[in-house]
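J.:
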Ligand code: C5P
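In our numbering, the protein residues as written are 40 to 444.
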């Protein structure tokens with residue numbers, strides 16, 4: 040989780056907050072404003088979080104290590120604690136002239152603020168109007184607490200206690216639409232060995248699958264991400280299993296699926312593998328060479344064919360006739376939902392944006408081109424809709440069964 044600390048006297052409580060968050064199992068990165076550093080040093084929060092503290096927007100060394108966009112993407116939740124009156128006003132305006140402002144703008148994960156300020160500043164209509172605007176945009180507001188203030192006054196404006204903030208944060212995940220569900224996601228390409236140094240693979244970057252895993256986690260699910268070789272960081276709170284070949288991925292998925300509620304196959308699995316893998320590096324020949332290929336198991340179809348399958352979601356990446364191809368694939372593989380996307384130059388693979396057309400038994404939905412993070416959240420919410428309606432359906436059946444008994 041990403042913690043933003045702004046310049047109020049309550050900034051000293053950020054130390055305790057980081058300690059409690061780590062104790063609760065969160066990996067924590069901290070962004071401090073210039074004002075915050077007047078109250079508490081970055082070194083303190085660095086030592087407690089175990090990560091370098093981020094303070095500058097225009098610092099090439101810090102940007103090279105983890106830029107503001109990467110930091111925003113990394114976060115599964117952004118909490119600003121304490122959030123001063125000025126911080127609220129800046130969030131309302133969407134200011135991006137310091138690191139915390141820029142990260143807040145770029146971050147698509149859930150956001151929360153823990154306001155802390157003098158009672159009169161809190162009561163001021165300007166602050167209250169800012170608060171209304173932020174809440175209307177979906178920001179969660181934790182506190183403030185009421186009581187004796189550092190300025191000697193008594194009233195609302197004290198930052199909520201760190202232990203309460205940790206509890207409220209974990210509540211954000213518990214109350215998600217997939218809370219209590221277990222989700223298995225596949226992502227990335229697979230590599231099919233030809234010899235010890237060569238393989239067959241594809242252009243999948245894994246970004247869509249990782250975004251789906253993160254979105255499912257943000258919706259409160261326990262997430263297991265089975266990933267082919269990719270250069271991506273594991274989304275926070277997600278358990279990752281690395282695999283290389285389609286056969287490895289097949290084995291890992293079938294081991295994880297029992298007890299799972301949802302399986303989302305985003306991986307671009309190689310359909311074929313070399314029939315034999317040479318033990319030594321193959322040498323070039325005078326003439327053409329032929330590789331004999333063998334079919335790989337279809338992971339998605341095999342999961343869908345299990346006696347008690349989870350809710351299955353597949354992807355249909357096509358370079359043409361996308362929609363019809365996807366509809367046919369859904370029926371052929373007997374999956375509950377399929378997301379069709381166009382791939383090829385500038386589409387789908389190895390780009391940050393994508394568009395999907397999603398089909399299920401009795402419906403469809405077009406998700407227009409947008410960032411993969413947002414798109415993944417929309418897809419996860421469609422899955423949650425279907426699970427909810429399946430549950431209602433089950434209930435209707437069981438009520439009818441009782442009636443006829
Ligand atoms: O048939 P096609 O490969 O186009 O199907 C794509 C969907 O099936 C994707 O969801 C992909 O992850 C999944 N798949 C799989 N195992 C394979 C091939 C595809 O799980 N061997």
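All C-beta atoms in this analysis are idealised placements derived from N, C-alpha and C, irrespective of residue type, glycine included. Computed from a predicted structure; not experimentally measured.
Leaving out five residues before and five after residue 288 in sequence, what residues of the same chain have Cβ atoms less than 8 Å from its Cβ?
T.: The sequence position of residue 288 within the chain shown is 249, counting from 1. Only 225, 229, 265, 267, 282, 306, 308 and 338 meet the Cβ criterion.
J.: If you draw a straight line from the C-alpha of residue 194 to the C-alpha of residue 185, how long is it?
T.: As a working mapping, residue 194 is identified with position 155 in the chain shown. As a working mapping, residue 185 is identified with position 146 in the chain shown. Looking at the two C-alpha atoms, the distance is approximately 5 Å.
J.: Kindly examine the ligand C5P and report whether one of its heavy atoms sits closer than 8 Å to the Cβ of residue 133.
T.: Residue 133 sits at position 94 when you count from the first residue of the chain shown. Answer for residue 133: no, Cβ out of range of the ligand C5P.
J.: Whose CB is closer than 5 Å to a heavy atom of the ligand C5P? List the residues in chain order.
T.: For the ligand C5P, the selected residues are 304, 306, 308, 335, 337, 338, 339, 353 and 354.
J.: Considering Cα atoms alone, identify which of 136, 168, 139 and 126 is closest to residue 155.
T.: Within the chain shown, the letter at position 116 stands for residue 155. Per the Cα distances, 126.
J.: Rounded to whole angstroms, what's the CA-CA distance from residue 134 to residue 234? Just pull it up for me.
T.: Counted from its first residue, the chain shown places residue 134 at position 95. Counted from its first residue, the chain shown places residue 234 at position 195. So the two alpha carbons sit approximately 54 Å from each other.
J.: At which residue ranges does the region 136 to 164 contain complete alpha helix (DSSP H) runs of 4 or more residues, listed in the order of the chain?
T.: Qualifying alpha helix (DSSP H) stretches, in chain order: 138 to 145 and 158 to 162.
J.: Among all the DSSP beta bridges, which residues are the ones paired with residue 397?
T.: Here the question's residue 397 lines up with position 358 in the chain shown. For residue 397, which the question treats as bridged, DSSP gives the partners 378 and 404.
J.: Would you kindly report the start and end of the unbroken alpha helix (DSSP H) that includes residue 341?
T.: Taking the chain shown and counting its residues from 1, one reaches residue 341 at position 302. Here the alpha helix (DSSP H) through residue 341 covers 338 to 343.
J.: Distance, Cα to Cα, residue 495 vs residue 395?
T.: Because the chain in this structure spans residues 40 to 444, residue 495 falls outside the shown range and cannot be described.
J.: Under three-state DSSP, which class holds residue 68?
T.: On the chain shown, residue 68 is found 29 positions in, with the first residue counted as 1. Here residue 68 sits in strand by DSSP.
J.: Can you tell which of 64, 63, 54 and 253 has its C-alpha closest to the C-alpha of residue 493?
T.: A question about residue 493 goes unanswered here, because the residues of the chain that appear run from 40 up to 444.
J.: In three-state DSSP terms, what is residue 210?
T.: Start at 1 with the first residue of the chain shown, and residue 210 comes out as number 171. Helix.
J.: Thinking just about the alpha-carbon of each residue, which of 227, 336 and 138 is nearest to the one in residue 69?
T.: Numbered from its first residue, the chain shown carries residue 69 at position 30. Among 227, 336 and 138, the Cα nearest to that of residue 69 belongs to 138.
J.: Per DSSP, what are the beta-bridge partners of residue 266 in this structure?
T.: If you number the chain shown from 1, residue 266 lands on position 227. Looking at the DSSP assignment, residue 266 forms a beta bridge with 226 and 281.
J.: Mind checking who residue 130 pairs with in its DSSP beta bridge?
T.: Here the question's residue 130 lines up with position 91 in the chain shown. DSSP, once it has assigned bridges, lists no residue as partnering residue 130.
J.: What are the start and end residues of the alpha helix (DSSP H) that includes residue 350?
T.: Working through the chain shown from its first residue, we reach residue 350 at position 311. That residue, residue 350, is in no alpha helix (DSSP H); its beta strand (DSSP E) goes 350 to 357.
J.: Kindly list the residues whose CB is nearer than 7 Å to the CB of residue 124, restricted to its own chain and excluding five residues on each side of it in sequence; keep chain order.
T.: In the chain shown, the residue the question calls residue 124 occupies position 85. Around residue 124: 156, 160 and 166.
J.: In chain order, what residues of the same chain lie with their CB nearer than 8 Å to the CB of residue 61, ignoring the 5 residues before and after it?
T.: By one-based count along the chain shown, residue 61 stands at place 22. Excluding residues within five positions, the ones whose Cβ falls inside 8 Å are 67, 87, 88 and 89.
J.: Over what stretch of residues does the beta strand (DSSP E) that includes residue 187 continue unbroken?
T.: As a working mapping, residue 187 is identified with position 148 in the chain shown. It spans 184 to 187 - the beta strand (DSSP E) in which residue 187 sits, taken as one unbroken run.
J.: Just to confirm my understanding: we take residue 330, look at its own chain, exclude 5 residues before and 5 after, and list those with CB closer than 6 Å. What are they?
T.: Numbered from 1 along the chain shown, position 291 holds the residue referred to as residue 330. Excluding residues within five positions, the ones whose Cβ falls inside 6 Å are 313.
J.: Quick one, which of 182, 172 and 147 has its alpha-carbon nearest residue 153's?
T.: Along the chain shown, one-based indexing puts residue 153 at 114. Of the listed residues, the one whose Cα sits closest to residue 153 is 182.
J.: If you follow the beta strand (DSSP E) that residue 118 is in, where does it begin and where does it stop?
T.: For the purposes of this step, residue 118 is taken as the residue at position 79 of the chain shown. Unbroken beta strand (DSSP E) run through residue 118: 117 to 122.
J.: Among 240, 238, 270 and 274, which residue has its Cα nearest to the Cα of residue 250?
T.: Along the chain shown, read from residue 1 onward, the residue named residue 250 stands at position 211. Answer by Cα proximity: 274.
J.: Can you tell me the Cα-Cα spacing of residue 277 and residue 260, whole angstroms?
T.: Within the chain shown, numbered from 1, the residue matching residue 277 stands at position 238. Within the chain shown, numbered from 1, the residue matching residue 260 stands at position 221. One C-alpha to the other measures close to 9 Å.
J.: I need the straight-line Cα distance from residue 73 to residue 64, nearest angstrom please.
T.: In the chain shown, the residue the question calls residue 73 occupies position 34. In the chain shown, the residue the question calls residue 64 occupies position 25. Taking the straight line from one Cα to the other gives about 28 Å.
J.: For residue 417, which of 346, 247, 293 and 316 has the nearest alpha-carbon?
T.: Along the chain shown, one-based indexing puts residue 417 at 378. It is 247 whose Cα lies nearest to the Cα of residue 417.
J.: For residue 329, verify whether its CB is less than 8 Å away from any heavy atom of the ligand GTP.
T.: Because the ligand GTP does not appear in the structure shown, any question about it cannot be addressed here, the ligands present being the ligand C5P.
J.: Bridge partners of residue 191, per DSSP?
T.: Here the question's residue 191 lines up with position 152 in the chain shown. Its beta-bridge partners do not exist; DSSP assigns none.
J.: Once DSSP output is grouped into helix, strand and coil, what is the label at residue 232?
T.: Translated into positions along the chain shown, residue 232 becomes position 193. The answer is strand: DSSP assigns residue 232 an E or B state.
J.: Which residue or residues does DSSP assign as beta-bridge partners of residue 256?
T.: In the chain shown, counting from the first residue as 1, residue 256 sits at position 217. Its beta-bridge partners do not exist; DSSP assigns none.
J.: I need the DSSP call for residue 83, collapsed to helix, strand or coil.
T.: Position 44 of the chain shown holds residue 83. Reduced to three states, the DSSP call for residue 83 is helix.
J.: Check each candidate in 148, 59, 57 and 77 and name the one with the smallest Cα separation from residue 45.
T.: To locate residue 45, count along the chain shown from 1; it is residue 6. It is 77.
J.: Please report how far the alpha carbon of residue 164 lies from the alpha carbon of residue 128, in whole angstroms.
T.: Numbered from its first residue, the chain shown carries residue 164 at position 125. Numbered from its first residue, the chain shown carries residue 128 at position 89. Cα-Cα distance, rounded: 12 Å.
J.: Could you work out which residue in 118, 57, 240 and 242 is closest to residue 208 when comparing CA atoms only?
T.: Taking the first residue of the chain shown as 1, we reach residue 208 at position 169. The shortest Cα separation from residue 208 among 118, 57, 240 and 242 belongs to 118.
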